[in-house]
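The structure appears right after this line, and notes come after that.
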Amino acid sequence: MKTFYSITTTIVSIQCFLAATNLFCIAWLPPEIFLSTRSHRSRLDLGSVSTDESYAIAPLVGDEPSIRKASDFFAKSYWLGTPHVQVASGPVSDAVHKELLYRQFVDFSTKYGERMGNRLLDAGLVAAIDIVTNEIVGLAGIEVCLLDAERRDILTPELSEETMKAALGNLGPKERRQYKNASPFQIADELLQPNLQVVCVLCNLVVSPTARGKGIAMKLCNYVKESARDAGFDGLLLKVEKNNAAACKLYLEKLNYQELFVCGDSSAVRFNLKDGTFERAEAETLILVKSVV
Ligand SMILES: CC(C)(COP(=O)(O)OP(=O)(O)OC[C@H]1O[C@@H](n2cnc3c(N)ncnc32)[C@H](O)[C@@H]1OP(=O)(O)O)[C@@H](O)C(=O)NCCC(=O)NCCS
């Protein structure tokens, strides 16, 4: 622990020097510095709605019809509408389509559905909705997860939640009571390994193939950024495949995200259009970060 802090202090001193000499590079910062939080809130308040002339950006509630609408949209626009995430080609059979919709619904219900029990780590969905047809034309998720700086990866929401709950479960009843109203930040700081930090993540960003190129992704990303800031985070993270040119341009050039590191897991999920299975393929993935303050 002592060594960890002394290394951190040394790195900070080097960075101050580099900043002073205009050689400052955010990727050199140890994550805990710019992912630190200003408040200990961490609850996402996806409350407000912003409108454009053709669509509105609005949070989705976690009830069954909303989750179904969002998961159907995601299945259609991401797995079926984005060639680089597909394996095989040709028409998708009814059985494969039905299975895809079901699996996507289960995934979104687990992550964003109405709470079964009390979750420590919050998550929500934001949609761009066509104001004429009332259909979703773009979607983004925002999740509070754990970043594992040692493995250079963001833990899934399920694993993040399990890790937090396991840490609490290891305590005796008296000690556990002390954490009854504790924030995830306090739990992580006091009970988890120092390589694990609570972070806010932009995920599941997708725009309908017929609505791309109109600035919808930019609007969704900005909305998520503001939500992260309002929840007390200083930074927002995301994962992107290095060969996803459109997304990399959006994040790195338009939205000024910076590379935190190359993800320790060099694989990404692909959907097999023929048999409806999900598989992992080799894919260099970057973890990017942006200050939201
Ligand atoms: C990436 C994606 C979300 C962009 O959505 P979009 O609404 O079309 O993006 P915007 O119109 O807001 O574009 C904003 C900027 O992104 C970049 N961009 C978007 N599409 C691009 C493309 N096809 N090629 C290159 N750059 C692109 C551009 O810099 C653009 O700004 P500009 O038009 O002023 O040059 C969309 O292409 C998509 O849904 N892709 C499939 C899913 C995906 O890859 N999601 C990201 C996972 S990390």
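One rule links them: number in the numbering used here = place in the sequence shown (from 1) + 1207. We treat Cβ as the ideally placed atom computed from N, Cα and C, and that holds for glycine. The structure presented is a predicted model; accordingly, all values stated were derived computationally and were not measured.
Taking the straight line between their C-alpha atoms, what separation do you get for residue i and residue j?
i: LEU1399; j: ALA1356; result: 13 Å
i: VAL1406; j: ALA1488; result: 26 Å
i: PRO1364; j: SER1473; result: 19 Å
i: LYS1481; j: PRO1298; result: 8 Å
i: TYR1386; j: VAL1496; result: 29 Å
i: ASN1402; j: ILE1264; result: 35 Å
i: PHE1440; j: GLU1321; result: 23 Å
i: ALA1452; j: HIS1291; result: 11 Å
i: GLU1306; j: LYS1318; result: 18 Å
i: ASN1341; j: LEU1308; result: 20 Å
i: TYR1464; j: PRO1380; result: 43 Å
i: GLY1345; j: TYR1285; result: 10 Å
i: GLU1491; j: ALA1424; result: 22 Å
i: GLU1260; j: ALA1395; result: 43 Å
i: ALA1302; j: ASP1279; result: 15 Å
i: MET1371; j: ILE1274; result: 25 Å
i: PRO1272; j: ILE1343; result: 13 Å
i: ASN1325; j: GLU1368; result: 11 Å
i: PHE1468; j: LEU1427; result: 24 Å
i: SER1415; j: PHE1315; result: 18 Å
i: ARG1358; j: ILE1494; result: 12 Å
i: ASN1377; j: ILE1349; result: 29 Å
i: SER1390; j: ALA1438; result: 12 Å
i: ALA1295; j: ALA1475; result: 16 Å
i: CYS1352; j: ALA1330; result: 9 Å
i: GLN1311; j: ARG1477; result: 13 Å
i: ARG1383; j: ALA1282; result: 40 Å
i: GLY1483; j: THR1289; result: 15 Å
Quick one: what's residue i bridged to in DSSP?
i: CYS1407; result: VAL1351
i: ASP1329; result: Paired residues: none, contrary to the question.
i: PRO1266; result: VAL1333
i: VAL1414; result: GLY1345
i: GLY1442; result: SER1498
i: GLU1448; result: THR1492
Identify whether residue i lies in helix, strand or coil by the three-state DSSP scheme.
i: ASP1437; result: helix
i: THR1228; result: With a pLDDT of only 31 at THR1228, under 50, the local geometry of the prediction cannot be trusted, and no value is derived from it.
i: GLU1357; result: coil
i: ALA1453; result: helix
i: ILE1494; result: strand
i: VAL1499; result: coil
i: SER1261; result: coil
i: ARG1477; result: strand
i: GLN1400; result: coil
i: GLY1420; result: coil
i: VAL1294; result: strand
i: VAL1431; result: helix
i: VAL1339; result: coil
i: LEU1467; result: strand
i: GLU1486; result: strand
i: LYS1276; result: helix
Would you say residue i touches ligand 1, meaning its beta carbon is less than 7 Å from a heavy atom?
i: THR1289; result: yes
i: THR1295; result: For the sequence presented, residue 1295 should be read as Ala rather than Thr. No - ligand 1 has no heavy atom lying nearer than 7 Å to the Cβ of ALA1295.
i: LYS1283; result: no
i: LEU1457; result: yes
i: ILE1423; result: yes
i: GLY1419; result: For the sequence presented, residue 1419 should be read as Arg rather than Gly. Result yes, Cβ under 7 Å from ligand 1.
i: GLU1466; result: no
i: GLY1345; result: yes
i: ASN1451; result: yes
i: GLU1460; result: yes
i: ALA1330; result: no
i: LEU1412; result: yes
i: VAL1447; result: yes
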